[in-house]
Amino acid sequence: MTFNALVVDKSNDSEVSAVVTQLTEDQLPEGDVTVAVEYTTVNYKDGLCLQPNNGLVRSYPHVPGIDFAGTVEKSDDSRYQPGDKVVLTGWRVGEIHWGGFSQLARVNADWLVPLPELLTTKQAMAVGTAGFAAMLAIIALEEHGLHPDQGEVLVTGAGGGVGSIATAVLGNLGYQVAAVTGRPETEPYLTSLGASRIVARSDIDTVVKRPLESETWAGCVDAVGGEMLARVLGQMKYGGSVAAVGLAGGAKLPASVIPFLLRGVNLLGIDSVMQPYENRLAAWQRIASDLPTKKLEGMIHPATLSDLPELGAKILEGQVKGRVVVDVN
Ligand code: NDP
Numbered sequence: 006m007t008f009n010a011l012v013v014d015k016s017n018d019s020e021v022s023a024v025v026t027q028l029t030e031d032q033l034p035e036g037d038v039t040v041a042v043e044y045t046t047v048n049y050k051d052g053l054c055l056q057p058n059n060g061l062v063r064s065y066p067h068v069p070g071i072d073f074a075g076t077v078e079k080s081d082d083s084r085y086q087p088g089d090k091v092v093l094t095g096w097r098v099g100e101i102h103w104g105g106f107s108q109l110a111r112v113n114a115d116w117l118v119p120l121p122e123l124l125t126t127k128q129a130m131a132v133g134t135a136g137f138a139a140m141l142a143i144i145a146l147e148e149h150g151l152h153p154d155q156g157e158v159l160v161t162g163a164g165g166g167v168g169s170i171a172t173a174v175l176g177n178l179g180y181q182v183a184a185v186t187g188r189p190e191t192e193p194y195l196t197s198l199g200a201s202r203i204v205a206r207s208d209i210d211t212v213v214k215r216p217l218e219s220e221t222w223a224g225c226v227d228a229v230g231g232e233m234l235a236r237v238l239g240q241m242k243y244g245g246s247v248a249a250v251g252l253a254g255g256a257k258l259p260a261s262v263i264p265f266l267l268r269g270v271n272l273l274g275i276d277s278v279m280q281p282y283e284n285r286l287a288a289w290q291r292i293a294s295d296l297p298t299k300k301l302e303g304m305i306h307p308a309t310l311s312d313l314p315e316l317g318a319k320i321l322e323g324q325v326k327g328r329v330v331v332d333v334n
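According to our numbering, the residues represented by the sequence shown are 6 to 334, in order.
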């Protein structure tokens with residue numbers, strides 16, 4: 006029995022190839038659960054893993070794909086039986102372990118989460134790591150006291166995966182969402198997801214000399230980092246929190262500590278990769294209950310395994326809108 010996978014191999018020190026290849030089950034890495042993958046997606050990290058010298062992949066040939074959803078085919082672990090629907094994000098799968106750009110994946114049972122009953126495997130990958138991280142960010146903001154009556158919540162990088170899911174969930178929970186985008190053409194899309202205001206990226210992505218501006222945002226889900234995050238910190242309302250999820254605009258933070266000291270602003274770090282199992286379960290349950298399915302459907306761009314090399318390059322350029330859902334079969 007053979008199956009298809011997108012295999013990345015190193016041609017020389019500065020080049021890699023990415024080709025849909027037929028593999029056999031005995032070529033899969035070790036693990037206690039074999040999953041018939043149904044859907045995967047493309048994340049910023051996947052884009053990196055398709056590039057040479059990416060600092061993430063340790064050995065070649067390699068199958069990328071940092072997340073997937075599918076059905077258990079074989080299991081040596083009592084928690085999972087053949088036929089169970091499962092979802093996987095994180096744990097460096099797709100980086101140091103073969104991932105979801107494949108019709109078959111073998112992983113450790115500890116890395117899996119049972120799919121919530123209300124979600125299909127396709128919907129789970131429409132959410133993907135990006136949406137899972139967005140949900141973790143919203144939970145963190147709530148745990149730090151955020152409530153819909155406190156005012157507008159800013160979402161940066163709103164046209165991307167993290168931003169789209171954050172906008173849809175926050176809108177559904179009754180928040181006023183201000184969505185930052187550098188692509189004015191995404192305005193109707195963002196409004197349809199639940200944004201009540203669009204903020205142009207150019208209005209907010211340069212650092213100003215004043216460390217504090219007027220108190221504008223009750224909370225923020227930030228997918229961008231860099232100068233935009235630094236600027237946003239100075240615009241937060243007293244006691245407000247920013248959940249730092251991403252670095253689409255840069256990893257440096259040229260910020261002042263004044264917003265922390267004079268306004269009690271909180272900067273909350275969000276990591277989706279090493280989250281404990283209980284937090285994963287809770288976040289997936291919240292996704293199933295708080296993300297409107299219709300809005301999720303509107304974010305989906307279908308793709309196949311052979312589209313992934315091109316999509317990987319596009320996501321690194323910030324050119325993917327919403328969520329790409331890859332049907333690996
Ligand atoms: P996407 O590429 O889908 O979205 C990023 C968005 O950011 C773009 O669509 C664009 O939105 C905006 N953007 C892109 N470049 C710039 C720039 N130079 N300056 C300002 N805005 C920019 O990626 P994801 O949403 O999947 O991921 C977003 C970030 O979150 C990535 O850095 C990713 O690595 C990180 N991430 C972190 C996780 C964690 O566990 N902490 C988990 C998942 C992702 P627009 O065009 O609307 O402005």
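Cβ coordinates follow ideal geometry from the N, Cα and C atoms, glycine included.
When you compare each of the options to residue i by their alpha carbons, which one comes out closest?
{"i": "ASN334", "options": "ALA184, ARG97, ASP14, GLN108", "result": "GLN108"}
{"i": "THR26", "options": "GLN280, ILE275, VAL92, PRO66", "result": "PRO66"}
{"i": "PHE137", "options": "ILE170, PRO216, THR191", "result": "ILE170"}
{"i": "VAL247", "options": "GLY269, GLY99, ALA256", "result": "GLY269"}
{"i": "LEU286", "options": "VAL92, HIS149, GLY327", "result": "VAL92"}
{"i": "THR196", "options": "ALA223, THR46, GLY168", "result": "GLY168"}
{"i": "ALA249", "options": "ASP276, HIS102, SER201", "result": "ASP276"}
{"i": "ALA228", "options": "GLY187, PRO216, LEU198", "result": "GLY187"}
{"i": "MET130", "options": "GLY75, GLY199, THR172", "result": "GLY75"}
{"i": "PRO69", "options": "ALA318, HIS102, TYR282, ASP31", "result": "HIS102"}
{"i": "TYR44", "options": "LYS90, SER201, GLU283, GLY166", "result": "LYS90"}
Residues in the same chain with beta-carbon distance under 6 Å from residue i, minus the five sequence neighbours each way, listed in chain order, please.
{"i": "LEU321", "result": "GLY52"}
{"i": "HIS149", "result": "SER246, ASN271"}
{"i": "GLY156", "result": "ALA223"}
{"i": "LEU151", "result": "GLY224"}
Skipping 5 residues on each side, what residues in its chain have a beta carbon closer than 8 Å to that of residue i?
{"i": "THR7", "result": "GLN27, LEU28, THR29"}
{"i": "ASP82", "result": "ASP37, VAL38, ALA114"}
Pull up the CB-CB distance for residue i and residue j, whole angstroms please, since I reckon it's below 8 Å.
{"i": "GLU4", "j": "ILE203", "result": "Absent from the structure is residue 4, since the part of the chain shown begins at 6 and ends at 334."}
{"i": "ASP72", "j": "THR134", "result": "5 Å"}
{"i": "LEU301", "j": "GLN128", "result": "6 Å"}
{"i": "ALA173", "j": "PRO297", "result": "6 Å"}
When DSSP labels each residue in this structure, what does residue i get in the three-state scheme?
{"i": "VAL226", "result": "strand"}
{"i": "TYR194", "result": "helix"}
{"i": "ILE101", "result": "coil"}
{"i": "PHE106", "result": "coil"}
{"i": "ILE71", "result": "coil"}
{"i": "ARG268", "result": "helix"}
{"i": "ASN9", "result": "strand"}
{"i": "LYS214", "result": "coil"}
{"i": "ASP89", "result": "coil"}
{"i": "PRO189", "result": "helix"}
{"i": "VAL132", "result": "helix"}
{"i": "ASP82", "result": "coil"}
{"i": "PRO153", "result": "helix"}
{"i": "TYR243", "result": "strand"}
{"i": "SER261", "result": "coil"}
List the DSSP bridge partners of residue i.
{"i": "GLU20", "result": "ASN17"}
{"i": "ASP332", "result": "TYR44"}
Among the residues of its own chain, which have a CB less than 7 Å from the CB of residue i, if the five just before and after it don't count?
{"i": "THR309", "result": "VAL331, ASP332"}
{"i": "THR46", "result": "ASP72, MET130, GLY133, ARG328, VAL329, VAL330, VAL331"}
{"i": "PRO259", "result": "VAL212, GLU232, ALA235"}
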